[in-house]
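Comments concern the structure below.
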Amino acid sequence: MTRDYRTLDAIVVVASLVIMAFVMWALAFLTIPQANLPILASLSSGTFGATLGAYVGVR
């Protein structure tokens, strides 16, 4: 039996695109104070990093 990671790969790609799309949507359509931009950046990079880190751990 060989392992096939196509489904896992697709899930990770879609999750990463959703995270990036949400951040781009927030930057485009919401008025975010300058003081809160580092918070948005850290939350988005942390979520993105956790997604990719979990993927690498499973793979």
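Positions in the sequence shown are counted from 1; adding 129 to them yields our numbering. All residues carry an ideal CB built from backbone N, CA and C; glycine is no exception. Computed from a predicted model, the values in this text were never measured in an experiment.
Residue span of the alpha helix (DSSP H) that contains residue i, given as start and end
i      : result
Ile168 : 166-187
Ile161 : Segment: none, Ile161 is in no alpha helix (DSSP H) and carries neither H nor E.
Distance cut-off 6 Å: residue i Cβ against heavy atoms of the ligand FMN
i      : result
Val187 : The ligand FMN is not part of the structure shown, which contains no ligands of any sort.
Discussion item. Does the structure place the stretch 175-185 close enough to the stretch 139-149 that three or more beta carbon pairs sit under 8 Å?
Written reply: yes
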